[in-house]
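Input: a single structure, listed below in structure tokens.
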Amino acid sequence: MNSDDFSLVVSNNNVPETPEQVIKQLLGEPPLQEFPPQKPDLPYLMGIYKAHKNKMRWLTNADGCVFSEITFCLTAILKGIQEALQNVADDFYARAKFFGGKTNACWILGSTQEFTINLPDKITTIYTGDITKCYEAIPLEGDQGLTTAMTNLVNLAFAHQNHLHKDLFLIQKKNGELEAKWKPLHHSSVKATRMDPTKVIELNHFIIRNTYVRLGDRVWRQVRGIPMGFSCSPLWCNLYLFYFEYNFITRLARLGRYDLLRLFEHTFRYMDDLVSMNNPMILRFLDPDQVESEGNPFWIYPLRFLAMQNEMDNPFVNTDGSLVNLSAHFLSLQIQIIRVDGTFLTTKYDKRRSLPFKVSLYIHRDSNRPVANSSKVILGQVFALFYLINTAGGVVLEIDNLVECFVEKGFHCYALRRLILSGLDRIILTSPLTPVQAILEILFDIWREPANRPPQLDDSAISS
């Protein structure tokens, strides 16, 4: 708490304020009067040990606190803002493509499946990196602060949607959850609350500027970094990085550098993990010494406080600074370029396999937790393989490994195989890397003589 990230909350007399005093002041603020909390308590800090990195990370435990309701509301709103910004990026993509600068204006990914669907036909080089210090070092105020970025993004989203005669409405669903939807301006509903940009900006500012945590009878305010633990924190981080990425892409267009725009057609980001394919100049754009000016087409992120950590397997940098890297992992995908023409293979990447300790991947069948939903877990793992591996042999091998893993957890081999065959026969996957029918035929062939079925097998435990 003595770091520059936190500031002790004191009164005008320089006396430390108590949690009760801070809560009383907060409850008098208009945002909390509009979204009153169920529990008037402050968040507290807790430590989480990240075993694979051998590091301790602090986390703001905001469960059931004075900010819970308002952050749930803001989370729903920010999802709507992100949806509108995706539309903004799509419009820019269409204009850039018309002028010969086909590119990707929104690097945000929602899943591994979305990434694999957007893989290029050929890959000649691949960069993967980790944007570190996102949560710890992002400034809250200033020209490159979170408050400024969110204000500009909210205004951009509303300007685009209002041009389409739409406005943002906060809707309470039947299950009590909140959802933000863009509706026609004349839309009206008892359960829908119209949100204007001023109100959304005020909600953002209120939470960002009042990120308090308690420790004993003292209260600290976080003055730097995004508080990990709020439901809206991942969206803040995602949109903050998008703010610089979109400004970078539009800057290239303003400068007429369509040759550089084309380099980012297959650049994506999942939270703080960045991948850029077929972009040999990427290292120049991620150089922390790049001048941060509107006339410089080669800077993306404010790397004065953020940092890039390369995650490539065996990169080679030519004398001209261009990158040649033929193997890298991104999310759950291992990508290996095998030919000079850009032909590549994809396999499943699982960092848990390289950990120096044993990891229990699945629950045992005889545990005290119900196994009625085990079929969803098993089939979910099987279906995911079709978006990770682009060779039939690789998919079959991983399915065999999966069966073996569940057999060790007390499930019977015959029932597992029958469940997988039945699931593959019924499922329709969108744009898989490997055709389902081909794998189904191979499995039918190699499992033609299944293990003997036990006389008493509870199929309901692992079959839908």
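In the numbering used here, the protein residues as written are 373 to 836.
Glycine included, C-beta positions come from ideal geometry on N, C-alpha and C.
The beta strand (DSSP E) enclosing I503, as first and last residue numbers: I498 to T504
Reference F378; option with closest CA among R820, N386, L698 and R596: R596
E392, buried or exposed, once every other Cβ within 10 Å from all chains shown has been counted against 16: exposed
CA-to-CA distance, F640 to G501, given in whole angstroms: 11 Å
Pick from P652, D463 and K553 that is closest to N476, judged by C-alpha positions: D463
CA nearest to the CA of A338, picked from D722, G693, D692 and N690: Lying outside 373 to 836, the shown extent of the chain, residue 338 is not represented and no answer is given.
Chain-order list of residues whose beta-carbon lies under 6 Å from that of N697 (same chain, five-residue window excluded): T497, I498, M684 and P687
Any 3 or more C-beta pairs closer than 8 Å across the segment 609-627 and the segment 478-485: yes
CA-to-CA distance, T719 to H736, given in whole angstroms: 27 Å
Where V536 falls, given that 16 or more other Cβ within 10 Å makes a residue buried: For clarity, residue 536 is Leu in the given sequence; the question names Val instead. By the neighbour-count rule (16 or more Cβ atoms within 10 Å), L536 is not buried but exposed.
When R820, Y630, I449 and A564 are compared against M522, the one with the closest alpha-carbon: I449
Helix, strand or coil at G514 [DSSP, three-state]: coil
Chain-order list of residues whose beta-carbon lies under 6 Å from that of I434 (same chain, five-residue window excluded): One point to set straight first is that residue 434 is Ala, not Ile, in the sequence displayed. Around A434: P415, G601 and F602.
Contact under 8 Å by Cβ, G452 with W608: no
Limits of the alpha helix (DSSP H) - the one that Q405 falls within: P402 to E406
Cα-Cα separation, E508 to S605: 12 Å
For D539: DSSP bridge partner residues: K555
Where the alpha helix (DSSP H) through H577 begins and ends: P569 to R581
Spatial distance of E813 from K748 (CA atoms): 22 Å
Whole-angstrom C-beta distance between L446 and L575, which should lie under 8 Å: 5 Å
Given 8 Å, three or more beta-carbon pairs between the segment 463-473 and the segment 419-438: no
Cβ pair V460, L528 closer than 8 Å: yes
Euclidean distance between Cα positions of E486 and F716: 18 Å
Residue span of the beta strand (DSSP E) that contains W479, given as start and end: Taken as a continuous stretch (DSSP letters only), W479 belongs to no beta strand (DSSP E), as it is neither H nor E.
Where A833 sits in the DSSP three-state scheme: Note that A833 scores a pLDDT of 38, beneath 50, so its modelled location is shaky; the value from the coordinates is reported in the next line. If DSSP states are grouped into helix, strand and coil, A833 belongs with the helices.
CB contact flag (I579, I395, <8 Å): no
Straight-line Cα distance separating R676 from I598: 17 Å
Nearest-angstrom beta carbon gap, F636 and N651 [assumed within contact, 8 Å]: 7 Å
Sequence-distant residues of its chain with Cβ nearer than 6 Å to K411 (five each side left out): G436
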